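K.L.:
In UniProt numbering, the protein residues as written are 1 to 201.
Dropping the structure here:
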């Protein structure tokens, strides 16, 4: 399986409606603290937009809703991975991505036989408070060796200026949140990311 090198993460279908038409080919919908029905509605809207623009939609955490709504990709953190019905996810034909932050979590993730693993935070991040120190570029290389041909997503504090190092150390895809969503011109920044990652596409 091949992932697009530009992996956008947003928290609403409204963001997907704004940015996916610009040429985004891989986006994760990561919503927190909303009701299941609200999230279901967001998934439906996001799914329709992504289908129209040939963009891969990944649903974060809500694997059961992803199955019920006919999605084809789900991403799970370690706690959600422990609680999820992996057999049901596989039976439904969903691909699976898993977050990792340390060696133990990587072992847990690999045991689940995911379609990709994410490593983070590579750099300090303002998105959420984390108990893990920044991993740095060398850890990407180590994870690359451990994962073999499995796609590896780098996440955490990434911006356009840091992409060269991330890909040089073995990442297949670079995930971004705040460098775009907190930018004064998210659309222009998205176009920059698309242009900059074209070399690895």
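In this text, a Cβ means the ideal position worked out from N, Cα and C, and glycines have one as well.
On a predicted model such as this, the values are computed, not experimentally measured, just so you know.
For the beta strand (DSSP E) holding residue 154, just list the boundary residues, first then last.
P.N.:
Residues 152-154.
K.L.:
Taking the beta strand (DSSP E) that residue 126 belongs to, which residues open and close that run?
P.N.:
Element bounds for residue 126: n/a, residue is neither H nor E.
K.L.:
Any idea if residue 121 is buried or exposed, counting beta-carbon neighbours within 10 angstroms, 16 or more meaning buried?
P.N.:
So residue 121 ends up on the buried side.
K.L.:
Are three or more beta carbon pairs between the region 9-22 and the region 172-190 nearer than 8 angstroms?
P.N.:
Output reads yes: the region 172-190 touches the region 9-22.
K.L.:
In the structure shown, what three-state DSSP assignment does residue 47 receive?
P.N.:
Helix.
K.L.:
In three-state DSSP terms, what is residue 96?
P.N.:
Strand.
K.L.:
With respect to 8 angstroms, is the separation between the Cβ of residue 187 and the closest non-hydrogen atom of the ligand PLP below this value?
P.N.:
The ligand PLP is not part of the structure shown, which contains no ligands of any sort.
K.L.:
Could you tell me which whole beta strand (DSSP E) segments of length 3 or greater appear in the region 140-192?
P.N.:
For the region 140-192, whole beta strand (DSSP E) runs of length 3 or above, ordered along the chain, are 152-154, 173-176.
K.L.:
Given residue 191, which residues of its chain have a CB within under 7 angstroms of its CB, disregarding the five upstream and five downstream residues?
P.N.:
Cβ within range, chain order: 22.
K.L.:
For residue 3, does the three-state DSSP call read helix, strand or coil?
P.N.:
Residue state, collapsed to three classes: coil.
K.L.:
Between residue 137 and the rest of its own chain, which residues show a CB-CB distance below 6 angstroms, the 5 nearest in sequence each way excluded?
P.N.:
Here the set comprises 165, 169.
K.L.:
What's the gap between the Cα of residue 158 and the Cα of residue 197?
P.N.:
C-alpha separation (whole angstroms): 13 angstroms.
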